[in-house]
Amino acid sequence: MSLLRFYARNGAEVWQLLLQHLGLVVAATVLAVAIGVPFGVLLTRRPAWSTPVLGVANVLQTIPSLALFGFLIPLPFLGGVGARTAIVALVAYALLPIIRNTYTGIRGVDAAVREAALGMGMTDRELLRMVELPLALGVIMAGIRVATVVGVGTATIAAAIGAGGFGVYIFRGVATVNDTLILAGALPAALLALAADFGLGRLERALTPRGMRIGS
Amino acid sequence: MTEAVVTFRGVTVRMPDGHDAVRDLTLQVRRGETLVLLGRSGSGKTTTLKLINVLLRPTAGDVFVEGRATSAWEPYRLRRRIGYVIQETGLFPHFTVAQNVALVPTLERWERGRVGARVRELLALVGLDAEQFLGRYPHELSGGQRQRVGIARALAADPPMLLMDEPFGALDPLTRAELQREFAGLEGRLGKTIVFVTHDVREAMLLATRIALFAAGQVVWSGTPGEFRRADHPEARSFAAVLDA
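As they're listed, the protein sequences go chains A and B.
The first sequence lines up with residues 168 to 383 when you count with the numbering used here.
The second sequence lines up with residues 2 to 246 when you count with the numbering used here.
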């Protein structure tokens with residue numbers, strides 16, 4: 168009940184945090200897709216690079232988020248305090264699932280289909296555009312979904328470096344030992360993650376080519 | 002002797018593991034013939050087929066198509082002039098039957114009405130009712146129907162040559178016999194140069210105008226189906242024995 172009263176009294180601030188939180192996640196995911204998908208495609212053309220590249224992305228993933236935010240602060244251009252640093256860190260986390268799923272999605276295209284496509288006279292570009300990307304789209308979208316959901320969670324920690332978002336309430340609540348305040352940040356962050364998961368899951372299914380859907 | 006469309010001259014393909022899939026192969030495919038490459042698994046027939054449309058390249062020697070070394074062709078240009086049918090069909094699962102058949106004409110940017118008419122014509126040719134099948138997806142077809150679509154797709158841009166890699170190999174015996182018979186009838190009408198890979202000697206006898214018998218990466222015997230029965234090469238005799246069994 169105290170939570171409802173809290174929201175009623177702080178409506179404007181809640182909206183602002185929501186928009187900040189969404190802004191961080193959307194910006195980071197869009198950037199990560201723009202970098203990760205082409206990178207994943209590149210790896211399918213240069214499979215020898217896949218081990219080192221996926222290795223680096225893996226290592227990025229294992230750095231605790233609070234530590235990564237901390238590391239970034241002293242860096243020129245990328246770092247500092249605020250949303251930009253937070254987005255850089257969120258992109259670093261989002262890259263692995265997107266690169267990996269793009270790579271494995273395309274590699275997973277049936278060899279007979281790929282061979283038929285080349286044998287019919289598709290150029291590499293046509294093969295990618297007409298066959299590999301459409302057939303891998305479901306897997307790529309699954310990677311984007313994972314990246315987004317993880318991003319919603321990680322973005323709560325961005326408040327620690329002054330990037331805003333629902334983490335602001337959580338950190339404030341922890342500092343003042345105020346459960347209502349912690350809940351006021353944690354609950355909408357969790358709902359946001361669920362909504363992103365659900366929405367992108369729907370999109371994933373809608374984008375899966377008709378002939379590929381099980382039981383369609 | 003009619004002119005050679007494809008010429009293999011001293012071709013060797015060495016695999017990464019060091020063994021030769023094809024060894025010092027010399028072979029000609031003549032215009033208008035149906036040359037069946039017959040042999041056991043691993044005898045080099047599929048490798049030979051893929052050398053023609055440059056899905057594989059020779060380690061040594063040269064392959065000429067229409068008098069020009071395949072290394073001098075732009076691969077995709079060469080391939081669009083050669084129809085290709087494979088065992089697992091390789092139909093695009095996200096394309097309808099119509100889109101699958103229309104693939105090469107689409108790549109070649111044919112005008113839309115012409116593509117549509119051509120697709121209907123081809124489905125009729127391979128015995129599929131256009132109204133019923135145009136909008137279906139490959140997973141909604143039986144194995145035999147898929148192979149029919151695969152053949153229609155290979156013929157779409159009216160290529161002068163057709164490569165077929167065990168196209169009926171994965172079908173049940175009855176469907177296979179049905180497609181073999183129909184295809185035997187179709188061959189004559191198409192007037193195309195066909196290179197057909199199989200390990201099924203009955204299929205070879207039914208469809209070939211000439212058989213090239215493969216063993217250990219080389220052609221050990223070649224001749225007409227009639228001559229094949231009387232061939233005295235031991236590998237030919239092993240295969241011929243199956244016919245009489």
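Built from N, CA and C at the ideal position, the CB exists for glycine as well.
- Within the stretch 365-378 of chain A, 376, 377 and 378 place their CB atoms closer than 8 Å to a CB of chain B, listed in sequence order.
- Neighbours of residue 191 (chain B) in chain A, taken as residues whose beta carbon is under 8 Å from its own, are absent, since the nearest beta carbon is some 18 Å off.
- A direct Cα-Cα distance of roughly 15 Å separates residue 344 (chain A) from residue 170 (chain A).
- Taking the Cα positions, residue 283 (chain A) is about 20 Å away from residue 37 (chain B).
- Nearest in C-alpha terms to residue 164 (chain B), of all of B:219, B:46 and B:17, is B:46.
- Each residue's CA atom was taken as its position, placing residue 75 (chain B) and residue 290 (chain A) some 10 Å apart.
- Annotation: the continuous beta strand (DSSP E) that includes residue 216 (chain B) extends over 211-216.
- DSSP places residue 223 (chain B) in the strand class (E or B) of the three-state scheme.
- For residue 221 (chain A), the CB contacts under 8 Å within the same chain, skipping 5 residues up- and downstream, are 210, 263, 266, 267 and 270 in chain order.
- When DSSP assignments are scanned along the stretch 178-214 of chain B, the uninterrupted stretches of alpha helix (DSSP H) that are 4 or more residues long and fall wholly within it turn out to be 202-208.
- Within the stretch 75-110 of chain B, the runs of beta strand (DSSP E) that reach at least 3 residues and sit entirely inside it are, in chain order, 83-87.
- Assigned with DSSP and collapsed to three states, residue 245 (chain A) falls in coil, not helix or strand.
- One alpha carbon belongs to residue 202 (chain A), the other to residue 208 (chain A), and they sit about 10 Å apart.
- Contact between the stretch 148-168 of chain B and the stretch 79-91 of chain B is established, with three or more Cβ pairs separated by less than 8 Å.
- Residue 162 (chain B) has B:83 and B:194 as its beta-bridge partners, per DSSP.
- The beta carbons of residue 15 (chain B) and residue 70 (chain B) sit no closer together than 9 Å.
- The stretch 188-195 of chain A makes no contact with the stretch 233-242 of chain A; the number of CB pairs closer than 8 Å stays below 3.
- Look at the stretch 131-160 of chain B: the residues with a C-beta under 7 Å from a C-beta of chain A are 138, 139 and 140.
- Scanning chain B for C-beta atoms nearer than 7 Å to the C-beta of residue 286 (chain A) yields 54, 56, 80 and 85, reported in chain order.
- Around the CB of residue 238 (chain A), fewer than 16 other CB atoms lie within 10 Å, so the residue is classed as exposed.
- Taking 9 Å as the cut-off, the beta carbon of residue 198 (chain A) is found no closer than this to the beta carbon of residue 359 (chain A).
- Interface annotation, residue 211 (chain A): not in contact with chain B, CB-CB separation never under 9 Å.
- Contact check between the stretch 181-195 of chain B and the stretch 104-112 of chain B: fewer than three CB pairs, one atom from each, fall below 8 Å, which does not count as touching.
- For the stretch 265-291 of chain A, residues whose beta-carbon sits nearer than 7 Å to a beta-carbon of chain B comprise 279, 280, 282, 283, 285, 286, 287, 288, 289 and 290.
- Spanning the alpha carbons of residue 94 (chain B) and residue 138 (chain B) requires a straight line of approximately 7 Å.
- Cβ contact annotation for residue 306 (chain A) (same chain, cutoff 7 Å, sequence separation greater than five): 268, 271, 272 and 275, in chain order.
- Residue 35 (chain B) and residue 194 (chain B) have their alpha carbons spaced roughly 6 Å apart.
- Among the residues facing chain A, residue 20 (chain B) is not included, as its CB has no counterpart in that chain under 9 Å away.
- Excluding the 5 residues flanking it on each side, residue 333 (chain A) has same chain C-beta neighbours closer than 6 Å at 184, 188, 323, 352, 355 and 356, in chain order.
- With a cutoff of 9 Å on beta-carbon distance, residue 253 (chain A) and residue 309 (chain A) are scored as not near each other.
- Looking at the DSSP output, residue 61 (chain B) sits in a beta bridge with B:13.
- In summary, the residues of the stretch 297-311 of chain A whose CB is separated from some CB of chain B by less than 7 Å are 298, 301 and 302, in the order they occur in the chain.
- Distance from the CA atom of residue 155 (chain B) to the CA atom of residue 205 (chain B), rounded to whole angstroms, is 20 Å.
- In this structure, residue 40 (chain B) sits near residue 236 (chain B), with a CB-CB distance shorter than 9 Å.
- Residue 95 (chain B) has a beta carbon lying within less than 9 Å of a beta carbon in chain A.
- Between residue 318 (chain A) and residue 257 (chain A), the beta carbon gap of about 5 Å places them in contact (Cβ cut-off 8 Å).
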